[in-house]
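Peer 1:
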Amino acid sequence: MKNRKMKIARVEADVSQEKLASIVGVTRQTINLIEAGNYNPSLKLCTAICKALNKTLNDLFWEE
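Mapping of the sequence shown onto the working numbering: residues 1 to 64, in sequence order.
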């Protein structure tokens, strides 16, 4: 399932995939795979992404 919440938060924060990847210490391809729903990030990576985008785990990764 695509992670639209993460992509929307990233775009709203005006952060490119490349910049977010650099901040959290992964490749741009990893960020792309997460947003496409083809990669399940570790909890450590999830929290790093949340901090970088100033969001909570629930905001970005909780499915309703």
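The C-beta atom is built at its ideal place from N, Cα and C for all residues, glycine as well.
Note that this is a predicted model, so its numbers are computed, not measured.
Check for me: the alpha helix (DSSP H) holding residue 11 runs from which residue to which?
Peer 2: Run containing residue 11: 4-12, per the alpha helix (DSSP H) assignment.
Peer 1: Does the distance between the C-beta of residue 52 and the nearest non-hydrogen atom of the ligand NAD fall short of 7 Å?
Peer 2: This structure does not include the ligand NAD; it has no bound ligands of any sort.
Peer 1: Quick one: what's got a C-beta closer than 8 Å to residue 41's C-beta in the same chain, skipping five residues either side?
Peer 2: Result list for residue 41: 30, 34, 49, in chain order.
Peer 1: For residue 6, is the classification buried or exposed, using 16 other Cβ atoms within 10 angstroms of its Cβ as the cut-off for buried?
Peer 2: With 16 or more Cβ atoms within 10 Å of its Cβ, residue 6 is classed as buried.
Peer 1: For residue 40, which three-state DSSP category applies?
Peer 2: Residue state, collapsed to three classes: coil.
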